[in-house]
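Asks: Dropping a structure here in structure tokens format, bear with me for questions.
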């Protein structure tokens, strides 16, 4: 009887440890990155970016430096710290395109 209880506890512990995670591998310029679809910070970063920039095009036209700073923050949040500096040598409008593509990928795979 004691052995059965121990076995049941082990099975219950295994179930607790077996968490389901949703991540997506993305390859950019031959470098593999992971997008953690479970991370609420990823969702928050993409949503705030959309609200601050895509929903207000005037912000893009008047504050390009701020836009690119925000792009770098979103890229690092979504794909991992230091990713932006690996992909871009400096501020580049391609950062904006990448953030929009990451948002599209996120929505296509998660929503």
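In our numbering, the protein residues as written are 628 to 738. Positions of the beta carbon are idealized from the N, C-alpha and C atoms, including for glycine.
Note down, in chain order, each residue of its chain lying with its Cβ closer than 7 Å to the Cβ of residue 736, except the 5 sequence neighbours on either side.
Replies: The sequence position of residue 736 within the chain shown is 109, counting from 1. Counting only Cβ-Cβ distances below 7 Å, and skipping sequence neighbours, we find 651, 664.
Asks: Can you tell me which of 668, 649, 656, 657 puts its alpha carbon nearest to the alpha carbon of residue 708?
Replies: The sequence position of residue 708 within the chain shown is 81, counting from 1. Measuring from the Cα of residue 708, the nearest candidate turns out to be 668.
Asks: Excluding five sequence neighbours on each side, which residues of the same chain lie with their C-beta closer than 8 Å to the C-beta of residue 681?
Replies: Residue 681 sits at position 54 when you count from the first residue of the chain shown. Hits under 8 Å: 727.
Asks: Let me know the secondary structure DSSP gives residue 674 once reduced to three states.
Replies: What you label residue 674 is simply residue 47 of the chain shown in a count that begins at 1. In the structure shown, residue 674 sits in a helix (DSSP, three-state: H, G or I).
Asks: Could you tell me which residues DSSP pairs with residue 654 in its beta bridges?
Replies: If you number the chain shown from 1, residue 654 lands on position 27. For residue 654, which the question treats as bridged, DSSP gives the partners 659.
Asks: Could you tell me the alpha carbon to alpha carbon distance between residue 712 and residue 700, rounded to whole angstroms?
Replies: To locate residue 712, count along the chain shown from 1; it is residue 85. To locate residue 700, count along the chain shown from 1; it is residue 73. In a straight line, the C-alpha of residue 712 is about 11 Å away from that of residue 700.
Asks: Taking the alpha carbon of residue 732 as the point to measure from, which residue in 706, 695, 690, 689 has its own alpha carbon closest?
Replies: The residue labelled residue 732 in the question sits at position 105 within the chain shown. The shortest C-alpha separation from residue 732 is found at 706.
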